[in-house]
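The sequence shown begins at 3 in the working numbering and counts up one residue at a time.
For every residue, glycine included, the Cβ atom is placed at its ideal position computed from N, Cα and C.
In this text the structure is predicted, and so the values were computed from the model without any measurement.
For reference, the structure is listed below as structure tokens.
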Amino acid sequence: MIDAETEHHRRVAVALKETSATLETLGTIGREITASLNIKDVFGALHRHVHHLLDASSFVVYLLDDDQRALNMVFGMELGQPLSQIIVPLDLPESNIARCAREQQAVVIHLEPDNDQKTLIPGTLDTRSLLYAPLIVCERLLGVMSIQTSLPDAYGERELSIFLALCAYGAIALDNAAAYAAAEASQRRADQALSELRQTQGELIQREKLASLGSLVAGVAHELNTPIGNSLLVASTLRDESTQFLQQVQQSSVRRSDLERYCQSAAESSDLLMRCLVKAADLIARFKQLAVDQTSDLRRSFDLRTGCEDVVLMLSSRLRGAGHQLEVDITDGLIMDSYPGAFGQVLSNLIINAIVHGLDGQMHGLISIVGRPKDKQHIVLIVKDNGRGIQAEHLERIFEPFFTTRFGQGGSGLGMHISYNIVRSILGGSISVSSPAGEGAIFEMILPLYAMEQRLGI
Ligand SMILES: Nc1ncnc2c1ncn2[C@@H]1O[C@H](COP(=O)(O)OP(=O)(O)OP(=O)(O)O)[C@@H](O)[C@H]1O
Ligand SMILES: [Mg+2]
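Structure follows, in structure tokens:
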């Protein structure tokens with residue numbers, strides 16, 4: 003009696019020891035399986051441990067497809083050989099795999115020898131025991147995992163518990179891996195979208211550059227008109243006077259006073275001609291520099307005041323045409339080592355916007371450009387108009403691409419967006435906008451005197 007009891011205790015102790023060893027092993031395996039975020043590694047680890055813990059000549063994993071209609075074999079091995087892939091419709095009545103998925107419960111089957119079961123996991127071996135269990139995470143069915151062996155009655159309660167534990171780990175790991183793959187895919191899509199956006203931005207800036215080159219050419223033509231027109235006038239007067247004087251000489255009717263008057267007039271005319279032509283040459287030189295800057299992304303040192311004045315000069319015909327005044331008040335000697343073309347583009351966008359939007363329909367508007375040192379490394383430049391200002395709800399959208407209040411009237415809504423990008427990416431500064439009630443629009447830029455190397459590949 004005592005012996006029988008001792009024997010019973012001994013068996014219980016051995017069983018307990020085995021169970022706790024199995025639990026410990028399962029714990030380690032669980033950590034290993036769930037640590038991987040790669041779906042192939044998860045299958046590999048599951049496959050290895052299934053063989054280590056249970057009798058299984060084959061091991062197969064099926065995953066539910068996206069529209070939840072069928073189970074696809076995503077991993078299948080029989081005695082080290084891959085099984086050919088199959089797809090099992092979820093509503094296939096005679097399929098054990100489909101049944102296990104539909105009922106979301108384990109299915110254990112023990113077959114007699116010489117059975118004619120048609121619903122086995124595809125394989126070549128004679129099968130006597132089969133075990134199917136669902137892969138479930140948070141009540142979500144992911145698929146089915148199954149093993150089979152040629153040993154009879156191979157899957158009892160203990161084997162079922164172990165297999166269910168492996169299925170639980172497997173389901174978590176597969177779900178994690180799928181979530182990671184989805185996150186990676188969306189990261190890739192985001193990266194792709196970002197690089198496309200950068201490219202579009204580059205193209206827009208390029209297009210904007212050409213557009214402002216167009217207004218530059220118009221500006222040149224207009225500004226040269228005055229000195230060259232004056233030169234023509236002076237030259238033709240001089241020609242007339244010379245012809246007249248020549249006639250007097252030929253008729254020998256030249257008096258000393260005529261000679262003096264002619265000489266004086268010729269001297270004055272050539273003086274005037276010189277001044278007009280020097281002005282034209284000076285304008286051409288400045289425009290040439292502007293054109294080079296605008297088309298070449300050239301980095302160079304430039305004086306902030308001269309840089310602003312050149313842009314204003316280019317737009318002066320437009321300003322005069324609209325009857326507005328523009329004041330430039332910039333501290334002398336603020337030397338920037340930056341990108342004058344890009345800077346000029348932003349400034350001309352701001353001035354044109356002030357004319358087109360702020361001062362539209364108004365006469366005698368005033369635009370002011372004030373530049374001051376901010377600290378040793380930065381300047382602050384404020385472009386302000388006394389126009390109608392910007393509505394509060396538009397203020398925060400000003401720098402958005404395609405935001406325009408002149409849709410269908412020639413506004414593309416890209417000017418400020420491009421300017422914002424130029425200020426941030428090329429000039430390395432910041433730009434902000436405000437519009438206090440009763441005043442016009444105020445744009446404030448803070449720019450480093452020394453621009454970092456370009457961050458955008460433009
Ligand atoms: N000085 C300003 N005064 C009033 N509104 C302004 C001023 N500057 C910009 N805005 C507003 O900001 C909007 C966006 O300006 P942005 O330069 O981006 O586009 P746009 O001038 O409409 O078109 P685009 O410059 O592409 O031809 C304008 O439509 C206008 O409503
Ligand atoms: Mg604009």
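Classify residue i as helix, strand or coil using the three-state DSSP reduction.
i: Gln-70; result: coil
i: His-112; result: strand
i: Ile-41; result: helix
i: Arg-288; result: helix
i: Ala-170; result: helix
i: Ile-400; result: coil
i: Ser-319; result: helix
i: Ile-337; result: strand
i: Gly-299; result: The question names Gly, but residue 299 is Asp in the sequence shown. In the structure shown, Asp-299 sits in coil (DSSP, three-state: anything other than H, G, I, E or B).
i: Gly-158; result: coil
i: Leu-458; result: In this prediction, Leu-458 has a pLDDT of 46, which is less than 50 and means its spatial position is unreliable; what the coordinates show is noted afterwards. In the structure shown, Leu-458 sits in coil (DSSP, three-state: anything other than H, G, I, E or B).
i: Val-63; result: strand
i: Gly-415; result: coil
i: Ala-15; result: helix
i: Lys-378; result: coil
i: Glu-262; result: helix
i: Met-2; result: Given that the chain is displayed from residue 3 to residue 460, the structure contains no residue 2 and the question cannot be resolved.
i: Gln-150; result: strand
i: Gly-145; result: strand
i: Ala-135; result: strand
i: Glu-7; result: helix
i: Glu-105; result: helix
i: Val-256; result: coil
Since residue i contacts residue j with CB under 8 Å, what's their CB separation in whole angstroms?
i: Leu-73; j: Val-90; result: 5 Å
i: Leu-48; j: Leu-168; result: 6 Å
i: Ser-271; j: Leu-306; result: Rounded, the Cβ-Cβ distance is 38 Å, inconsistent with contact.
i: Gly-429; j: Leu-206; result: In the sequence as displayed, the identity of residue 429 is Leu instead of Gly. Not confirmed; about 17 Å, so no contact.
i: Ile-384; j: Glu-441; result: Actually they are not in contact, since the Cβ atoms of Ile-384 and Glu-441 sit about 12 Å apart, beyond 8 Å.
i: Ile-332; j: Gly-373; result: 4 Å
i: Gln-364; j: Gly-323; result: No, Gln-364 and Gly-323 are not in contact; Cβ-Cβ is about 14 Å, not under 8 Å.
i: Thr-24; j: Ile-164; result: 7 Å
i: Gly-431; j: Leu-449; result: 4 Å
i: Leu-137; j: Ala-173; result: 4 Å
i: Tyr-264; j: Phe-247; result: 5 Å
Does the beta carbon of residue i sit closer than 9 Å to a beta carbon anywhere in chain D?
i: Gln-70; result: Absent from the structure: chain D. Only one protein chain is present.
Quick one, which of the options has its alpha-carbon nearest residue i's?
i: Asp-312; options: Arg-301, Ile-286, Gly-325, His-326; result: Ile-286
i: Val-146; options: Arg-104, Asp-69, Ser-152, Ala-183; result: Arg-104
i: Thr-27; options: Val-52, Asn-40, Phe-45; result: Val-52
i: Arg-200; options: Asn-423, Arg-33, Ala-453, Met-454; result: Asn-423
i: Ile-353; options: Glu-262, Ser-148, Leu-368; result: Leu-368
i: Ala-175; options: Gly-32, Leu-279, Arg-374; result: Gly-32
i: Leu-275; options: Leu-300, Ile-230, Gln-250, Asn-351; result: Ile-230
i: Phe-304; options: Ile-332, Met-338, Leu-361; result: Met-338
i: Ala-185; options: Val-358, Ala-220, Asn-40; result: Asn-40
i: Leu-166; options: His-10, Ala-108, Ala-179; result: Ala-108
Give me the pocket residues for ligand 2, defined as CB within less than 7 Å of any heavy atom, sorted by chain position.
Asn-351, Ile-354, Asn-355, Val-358, Gly-413, Gly-417, Met-418
Would you say the stretch 181-194 touches the stretch 55-62, given that touching needs at least three Cβ pairs under 8 Å?
no
Are the stretch 133-144 and the stretch 74-88 in contact at 8 Å, needing three or more beta carbon pairs?
no
Report yes or no: do the stretch 276-284 and the stretch 312-330 share at least 3 C-beta pairs separated by less than 8 Å?
no
Taking 8 Å as the threshold, find out whether the stretch 378-385 comes into contact with the stretch 313-323 through three or more Cβ pairs.
no
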